[in-house]
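Trainee: Before I ask anything, here is the structure I am working with.
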Amino acid sequence: APYAPNDVKVVERGSKFVTFKIVAPYYGNNELLKYIMQWKKQKDNWETNAFKHEFSANSEQFAIDNLRPLETYNFRVFAVNAIGESEASAVITVTTDEEIPASVPKSVRCEALSSKSMHLQWK
6 APYAPNDVKV
16 VERGSKFVTF
26 KIVAPYYGNN
36 ELLKYIMQWK
46 KQKDNWETNA
56 FKHEFSANSE
66 QFAIDNLRPL
76 ETYNFRVFAV
86 NAIGESEASA
96 VITVTTDEEI
106 PASVPKSVRC
116 EALSSKSMHL
126 QWK
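At the far end of the sequence shown sits residue 128, using the numbering used here, and the numbering has no gaps.
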């Protein structure tokens, strides 16, 4: 089986995606067939709450999308060749960006409480 990927880097992240760059690990005389990216929310566990996606071994960059804004995720990568699957890469922890609100606040109400404070409400 190939060695575990040890050169996986985050190249871009947004509120709902993370893009990674990978340098192929040593794989002996058997060419790499694919990479498997696994991810989960940081608080979840790998056995019951992990997602996975397969990418071509020719991919130098790949993106995981449909993530939640301002959430911390753990990612790990496996390399696969004809002999089998590598051990997992080191875990990469990434927090997605905040997201810009979809609309302006509605029903804004402001009430003066004193000369130095106020109470502001909105929906």
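Beta carbons: idealized from backbone N, C-alpha and C, even for Gly.
(1) Could you check the C-alpha separation between Gln43 and Glu104 for me, to the nearest Å?
(2) Excluding the five sequence neighbours on either side, which residues of its own chain have a C-beta within less than 6 Å of the C-beta of Val85, listed in chain order?
(3) For the alpha helix (DSSP H) that Trp51 lies in, which residues bound it at each end?
(4) Rounding to the nearest angstrom, what Cα-Cα distance links Asn63 and Tyr78 in this structure?
(5) Where does the unbroken beta strand (DSSP E) through Glu17 begin, and where does it stop?
(6) Could you tell me whether the segment 119-126 touches the segment 47-59, where touching means 3 or more Cβ pairs closer than 8 Å?
(7) Sort out for me which residues DSSP pairs Trp3 with in a bridge.
(8) Count the other C-beta atoms from every protein chain shown that fall within 10 angstroms of the C-beta of Tyr32, then say buried if there are 16 or more, exposed otherwise.
Mentor: According to the data block:
(1) Start at 1 with the first residue of the sequence shown, and residue 43 comes out as number 38. Start at 1 with the first residue of the sequence shown, and residue 104 comes out as number 99. Approximately 24 Å, taken between the alpha carbons.
(2) Position 80 of the sequence shown, counted from the start, is the residue given in the question as residue 85. Closer than 6 Å at the Cβ level, and outside the excluded window around Val85, lie Leu38 and Lys39.
(3) Counted from its first residue, the sequence shown places residue 51 at position 46. Judged by DSSP secondary structure, Trp51 falls within the alpha helix (DSSP H) whose first and last residues are Trp51 to Asn54.
(4) As a position in the sequence shown, residue 63 is number 58, starting the count at 1. As a position in the sequence shown, residue 78 is number 73, starting the count at 1. Whole-angstrom Cα-Cα distance: 25 Å.
(5) On the sequence shown, residue 17 is found 12 positions in, with the first residue counted as 1. First-last of the beta strand (DSSP E) with Glu17: Val13 to Arg18.
(6) The segment 119-126 vs the segment 47-59: no contact.
(7) Nothing about residue 3 can be reported from this structure: the residues present for the chain run from 6 to 128 only.
(8) Taking the sequence shown and counting its residues from 1, one reaches residue 32 at position 27. Taking a 10 Å sphere around the C-beta of Tyr32, we find 16 or more other C-beta atoms and assign the residue as buried.
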